[in-house]
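Quick notes on the structure that follows.
There are 4 protein chains.
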Amino acid sequence: MIRAGIVGGTGYTGVELLRILVLHPQVEVSVVTSRADAGLRVDQLYPSLRGYCDVKFTLPELDNLKDCDVVFFATPNGTAMLMAESLLALGIKVIDLSADFRIKDRQEWEKWYGMQHACPDLIAEAVYGLPEVNREQIKPARLIACPGCYPTAVQLGFLPLLEAGVIDGSQLIADVKSGVSGAGRKAEISSLMSETGESFKAYAVGGHRHLPEITQGLQNVAKQAVGLTFVPHLTPMIRGIHATLYARLNRKLDLQSLFEERYSEERFVDVLPNGIHVDTRNVRGSNRCQIAVNQPQGGDTVVILSVIDNLVKGASGQAVQNMNLVFGLDECQGLETVALYP
Amino acid sequence: MIRAGIVGGTGYTGVELLRILVLHPQVEVSVVTSRADAGLRVDQLYPSLRGYCDVKFTLPELDNLKDCDVVFFATPNGTAMLMAESLLALGIKVIDLSADFRIKDRQEWEKWYGMQHACPDLIAEAVYGLPEVNREQIKPARLIACPGCYPTAVQLGFLPLLEAGVIDGSQLIADVKSGVSGAGRKAEISSLMSETGESFKAYAVGGHRHLPEITQGLQNVAKQAVGLTFVPHLTPMIRGIHATLYARLNRKLDLQSLFEERYSEERFVDVLPNGIHVDTRNVRGSNRCQIAVNQPQGGDTVVILSVIDNLVKGASGQAVQNMNLVFGLDECQGLETVALYP
Amino acid sequence: MIRAGIVGGTGYTGVELLRILVLHPQVEVSVVTSRADAGLRVDQLYPSLRGYCDVKFTLPELDNLKDCDVVFFATPNGTAMLMAESLLALGIKVIDLSADFRIKDRQEWEKWYGMQHACPDLIAEAVYGLPEVNREQIKPARLIACPGCYPTAVQLGFLPLLEAGVIDGSQLIADVKSGVSGAGRKAEISSLMSETGESFKAYAVGGHRHLPEITQGLQNVAKQAVGLTFVPHLTPMIRGIHATLYARLNRKLDLQSLFEERYSEERFVDVLPNGIHVDTRNVRGSNRCQIAVNQPQGGDTVVILSVIDNLVKGASGQAVQNMNLVFGLDECQGLETVALYP
Amino acid sequence: MIRAGIVGGTGYTGVELLRILVLHPQVEVSVVTSRADAGLRVDQLYPSLRGYCDVKFTLPELDNLKDCDVVFFATPNGTAMLMAESLLALGIKVIDLSADFRIKDRQEWEKWYGMQHACPDLIAEAVYGLPEVNREQIKPARLIACPGCYPTAVQLGFLPLLEAGVIDGSQLIADVKSGVSGAGRKAEISSLMSETGESFKAYAVGGHRHLPEITQGLQNVAKQAVGLTFVPHLTPMIRGIHATLYARLNRKLDLQSLFEERYSEERFVDVLPNGIHVDTRNVRGSNRCQIAVNQPQGGDTVVILSVIDNLVKGASGQAVQNMNLVFGLDECQGLETVALYP
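Here it is in structure tokens:
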């Protein structure tokens with residue numbers, strides 16, 4: 001059994017890791033930390049876990065984590081970079097769900113995240129945990145930087161087009177809609193149901209932190225300079241991301257086949273048959289990305305629709321997928337679930 | 001024109017007062033206070049008010065309010081009792097939407113609200129602002145204690161039965177469901193959309209602050225000792241309260257007529273025809289209470305359904321109704337709106 | 001492997017059976033019927049099942065079902081009673097999620113369901129599939145009548161009190177709130193999001209079909225005549241039932257212990273510790289009933305809160321639990337899931 | 001008083017017309033038709049109107065409408081074109097909320113709407129009722145074709161840019177999100193809360209009927225050939241449209257001033273100050289379009305955000321605005337409301 005620790009177990013990605021890991025046949029969740037709730041039983045805060053988890057929250061200290069085989073960071077940005085080095089030194093694998101190690105350009109990271117990087121030496125070593133791109137690098141990695149939720153949905157949608165070089169990469173548009181759980185479990189007026197329910201809005205149109213992460217990922221596979229306009233929106237639901245992606249084709253081709261072939265071996269990316277639209281409910285609670293390919297009126301604008309559950313394939317599920325790869329397990333273990341519909 | 005001031009203009013009852021008052025033909029909103037946002041234009045925080053309100057938030061100080069004819073307190077409990085005396089001394093009418101002056105028994109109030117009452121001398125003078133019961137006392141009053149949202153829905157449903165003495169008042173049950181705006185515009189995890197959306201729960205089953213207020217109101221009109229079990233619930237919507245009220249009849253009678261006659265002159269209480277159920281959407285945004293009377297299987301249990309919009313008839317609309325009475329205006333002025341359906 | 005057939009696979013209980021059964025280690029879903037969609041692949045209608053279910057809808061004819069070991073009816077009322085006899089004659093177990101065999105009194109059934117019973121001979125044999133009451137009768141049964149959603153939540157809440165004889169059974173009140181999926185996947189204006197979203201209402205206050213079912217179940221365990229007022233409500237969410245149950249105690253006792261002991265061996269009924277409220281989100285997608293016991297102000301009114309997911313413990317999950325019992329499997333197989341929170 | 005008739009009074013745009021008109025000081029609603037509900041009191045179907053509307057539904061026959069000054073068609077497409085000619089012949093103004101007279105190219109209309117046009121002679125005369133573009137033509141008109149909901153939000157967002165000729169009109173993208181009331185009050189599975197709640201999806205990506213209407217409107221003001229990619233989405237809320245519009249600038253300019261000046265005299269178009277995002281809740285229930293102008297990272301892609309309430313500025317409110325113009329009233333009469341927030 002793999003002994004797993006979760007640092008930051010009270011947020012939504014933390015409790016989602018618990019939901020997945022307590023049923024994972026190869027994992028034992030041995031440590032869950034919370035500075036605020038140390039001493040409290042985990043299932044007292046989260047009654048959905050009663051009968052599945054009998055540990056108590058502990059303080060996020062090295063000594064509490066030292067017997068783990070793997071430690072997940074489900075923390076705000078800026079925490080993993082303080083502890084990663086010590087954990088790695090103990091031979092513990094680190095899977096970071098926050099943004100600390102996602103951006104290779106340290107200055108770019110510091111600009112967007114507004115703090116100094118506390119552990120720049122590990123940035124280069126960290127492997128960006130998008131298995132559909134980096135599977136072979138992930139397997140031997142010690143430190144995984146799990147992609148953000150928006151970046152996962154957007155990259156999986158654009159990748160086949162950029163890898164094939166069939167679009168103008170300089171004028172990409174990603175109009176993306178997220179459920180409110182993406183804002184996390186934080187006491188903020190802007191996330192109240194009275195503020196977000198029955199309403200729809202864009203936010204951070206001037207610039208969102210996921211922009212440099214997406215651009216980096218797209219640039220890595222593109223044969224040209226990538227230019228992206230990324231507009232995130234908040235939609236009145238809890239889980240789900242729907243990316244609507246626009247690009248200009250530079251040649252005629254069978255788009256449907258391009259996508260189906262690119263993802264034919266991927267068990268968590270599902271290209272829908274021509275003419276079927278994606279819907280976030282069809283991936284709710286599952287680790288799947290579903291994609292639909294459209295070419296309205298047969299013109300030269302391609303419209304890709306890509307949906308994920310932001311807490312699963314966009315965070316905790318993808319983290320477990322990475323863990324499975326790192327520990328040589330079947331990539332799907334613990335992740336075989338059918339979306340909760342309706 | 002009546003010059004109105006609003007103390008605590010950034011919460012939901014405050015902005016709802018603004019929504020109503022900026023269109024009231026006899027009122028000019030001259031002061032809106034906010035400790036946190038003083039100096040900011042009101043319509044910058046609330047873009048829905050652009051073009052209707054050009055004042056800025058000011059500090060909640062007596063000097064800023066001294067030219068008002070009426071001051072509304074849309075504040076947390078414990079604020080109105082600190083300022084009411086000074087305002088009254090200036091000849092300003094005070095309409096308090098908080099709970100400070102609702103309970104006549106000071107010790108009871110202090111027990112439930114967990115603080116010492118700062119202005120006990122005014123408790124007796126304050127008139128409980130439920131016009132359907134106290135209209136004549138409201139008209140000459142200087143200080144109005146507006147009823148809470150739950151108390152309004154529950155009292156209007158039970159009153160005809162208790163006044164007529166046709167039920168056993170010792171075993172009343174009020175199972176009441178509220179939208180989440182009742183929790184206010186406060187940064188609390190429990191009010192996040194991720195916590196309250198797509199879920200339903202009871203809360204404060206052991207005892208809610210509105211219990212003594214409701215009991216006091218019912219006892220005032222009852223011919224017997226009142227015993228009430230009150231269970232509030234949170235329902236995943238923003239506005240609306242639905243009270244389901246249960247009592248045992250002690251005689252046979254025409255319940256429908258009893259209710260229709262009791263409220264025949266009331267312009268904000270609407271008894272639906274027999275067989276039609278109430279629905280919170282049918283009062284959303286309006287100052288109305290709609291009531292349906294049921295006697296399942298013709299048995300001796302009466303089931304009253306009573307709905308209001310918690311922010312209108314349950315708070316700001318009722319406050320304006322009181323203001324109209326106090327200033328000798330048509331009781332409906334500024335309150336003639338049709339619910340927003342769908 | 002148990003070969004399972006589902007009659008009526010396009011409704012919400014049908015697709016929920018699929019969600020559970022495609023991951024059940026002992027079951028192969030070999031037949032899914034739909035009169036309207038025969039010939040269509042199941043996963044074309046329900047893309048959430050892509051990769052998990054490769055059968056097509058077939059017509060609901062005996063010939064298509066004859067190789068099944070068990071057939072589930074996820075049909076409107078009135079269908080199972082037409083086919084049950086033929087299936088049983090072939091040695092096939094029948095698990096009916098509709099109401100056809102729930103009520104032992106045929107005339108009562110015909111009154112509430114407005115049709116003649118087509119198969120009265122089997123009514124007596126059918127076992128009411130509430131394992132927490134009838135486990136031993138379920139195991140050898142050929143025909144299971146699965147409880148309705150409201151009846152499951154209400155009975156599990158009242159049972160310990162009635163079995164112990166500690167309440168006045170003649171004045172029970174069940175104020176129950178359901179998500180909209182309980183109305184099924186039917187094209188009806190009353191179930192549109194524009195009609196049910198952001199609104200709350202009671203319905204069928206005069207009499208709901210689940211009333212005789214609940215009363216029959218409670219009467220079976222009570223030592224006295226049972227009288228119940230049952231008021232169902234529609235709450236603006238998709239899944240979940242919250243029952244708020246009221247009764248008068250006839251003696252002093254430790255209610256918390258009563259409930260904990262009654263359900264100590266039940267793996268799908270979870271009595272929360274004193275002081276914790278239930279919340280439908282904590283059972284969403286799981287086969288669990290969570291119960292909280294309250295005695296407001298230490299009075300003689302007991303308030304029981306009981307939540308289930310109406311599509312799981314209230315329908316398809318409970319059906320699989322029954323199947324597990326009938327086939328001698330671990331009662332929990334295929335049902336070990338953690339609720340989807342948030 | 002203007003005597004108004006509403007043909008098709010049971011749908012959402014019909015009941016929204018009623019909500020507005022019953023409070024309009026210059027209008028008396030004298031006829032409301034419904035084929036299905038003729039004979040029923042309007043307020044029996046819509047209890048929100050109790051006390052405001054005492055007419056009954058009548059059959060949609062000319063004889064019932066002949067005393068009206070104006071008739072609104074809140075009908076499905078294909079009805080207004082059958083009755084308009086007769087009504088006009090009686091001197092009655094016709095305001096059509098359906099699509100019958102919106103498209104000037106008859107063949108184009110017939111292609112998208114899948115029927116033959118029954119009244120082609122009136123197509124040329126009909127005035128497209130977008131006052132911000134056609135105010136002077138609307139005033140003397142006999143027949144108004146009210147714009148669709150999507151077309152209103154999209155056109156108001158793109159117009160200043162196209163009129164000024166500052167963008168490349170051949171590569172416009174409109175990514176638009178609508179609440180579910182846009183689908184109307186029709187018994188369809190796809191509009192159930194269980195299908196649309198807690199989920200987000202695009203639809204009709206291959207081609208939506210509003211595409212030719214939007215293109216026609218944009219082309220009328222553009223100095224170049226217009227090419228538009230229009231992707232509508234369904235968002236889990238009842239009211240509101242949020243258009244996110246993308247275009248490439250062909251020169252540097254002060255976009256904020258361009259928009260503020262273009263709409264400085266428009267009372268129902270509100271350009272927000274730089275840096276404030278729009279939110280559909282801020283126009284809910286009001287006849288306003290709020291617009292925000294963005295130029296991410298100072299690049300050459302302009303992002304316009306435009307929100308309306310689809311049932312008000314996107315349908316019934318705009319219809320009343322047109323009526324006010326046609327009858328020489330203040331354009332704002334009956335439309336002075338503040339959005340319902342929260």
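Protein chains in written order, with the UniProt record's numbering: chain A, 1 to 342; chain B, 1 to 342; chain C, 1 to 342; chain D, 1 to 342. Here a beta-carbon is modelled for each residue, glycine too, at the ideal position from N, C-alpha and C. All figures in this text were calculated on a predicted structure; none of them were measured in a lab.
Judged by their CB atoms, A/Val22 and A/Val32 are not nearer to each other than the 7 angstroms cut-off.
If you draw a straight line from the Cα of B/Phe327 to the Cα of B/Leu90, it comes to about 16 angstroms. Per DSSP, reduced to three states, the secondary structure at D/Leu130 is coil, with no helix or strand assignment. Runs of the beta strand (DSSP E) lying entirely within the UniProt domain "Semialdehyde dehydrogenase NAD-binding" (3 to 141) of chain B and spanning at least 3 residues, in chain order: 27 to 33, 70 to 73 and 93 to 96. Under the three-state reduction of DSSP, C/Ser286 is assigned to coil, being neither helix nor strand.
Per DSSP, the continuous alpha helix (DSSP H) segment holding A/Val221 begins and ends at His210 to Val221. Interface annotation for the segment 196 to 228 of chain B against chain C: Glu198, Ser199, Phe200, Lys201, Ala202, Tyr203, Val205, Gly206 and Gly207, criterion Cβ-Cβ distance under 7 angstroms. The residues His242, Val278, Thr280, Val283 and Gln290, in chain order, have a CB closer than 6 angstroms to that of C/Val307 in the same chain once the five nearest residues on each side in sequence are set aside. The DSSP-derived three-state label of C/Thr337 is coil. DSSP places C/Arg262 inside the alpha helix (DSSP H), whose first and last residues are Leu255 to Arg262. Per DSSP, reduced to three states, the secondary structure at B/Arg248 is strand. In the structure shown, B/Leu329 adopts coil according to DSSP, grouped into three states.
If you look at D/Ser191, you'll find it isn't in any beta strand (DSSP E); DSSP assigns it neither H nor E. Relative to the Cα of D/Thr152, the nearest Cα in the group D/Leu130, D/Phe200, D/Pro76 and D/Cys332 belongs to D/Leu130. For B/Val176, the uninterrupted beta strand (DSSP E) segment begins and ends at Leu172 to Ser178.
Per DSSP, D/Phe158 is one residue of the alpha helix (DSSP H) stretching across Cys149 to Ala164. For B/Ser199, no beta strand (DSSP E) encloses it, and the DSSP letter there is neither H nor E.
The closest CA to that of A/Thr215, considering only A/Phe230, A/Lys201, A/Lys139 and A/Asn322, is found on A/Phe230.
For D/Asp96, the closest C-alpha among the options D/Gln107, D/Ala80 and D/Glu108 is that of D/Ala80. Beta-bridge partners assigned by DSSP to C/Asn324: none are found. Rounded to the nearest angstrom, the gap between the Cα atoms of C/Val269 and B/Leu305 is 31 angstroms. By the CB criterion at 7 angstroms, D/Cys68 and D/Gln318 fall outside the cutoff. For a Cβ distance threshold of 8 angstroms, residue set Pro342 of chain B lies close to C/Ser194, ordered along the chain. At a beta-carbon threshold of 9 angstroms, the residues of chain A lying near B/Arg185 are Ile189, Leu192, Ser194 and Glu195, ordered along the chain.
A direct Cα-to-Cα measurement between D/Val15 and D/Ser190 gives close to 22 angstroms. Within the same chain, Gly11 and Tyr12 come within 7 angstroms of A/Gly184 by CB-CB distance, once the 5 residues on both sides are set aside.
In this structure the segment 168 to 179 of chain C does not touch the segment 165 to 180 of chain D; the number of beta carbon pairs closer than 8 angstroms is below three. Chain C has no Cβ within less than 7 angstroms of the Cβ of B/Gly157. At a cut-off of 7 angstroms between beta-carbon atoms, D/Val180 makes contact with chain C.
The beta-carbon of C/Asn324 is placed no less than 7 angstroms from the nearest beta-carbon of chain A. In the DSSP assignment, A/Leu228 falls within the beta strand (DSSP E) that extends over Leu228 to Leu234. Cβ-Cβ distances below 7 angstroms link B/Glu195 to Ile189 in the same chain, with the five nearest sequence neighbours on each side left out; the list follows chain order.
The Cβ-Cβ distance between D/Pro60 and D/Val7 falls below 7 angstroms. Among the residues facing chain B, D/Ser316 is not included, as its CB has no counterpart in that chain under 7 angstroms away. Per DSSP, C/Asp270 is one residue of the beta strand (DSSP E) stretching across Val269 to Val271. Judged by DSSP in its simplified three-state form, B/Ala145 adopts strand.
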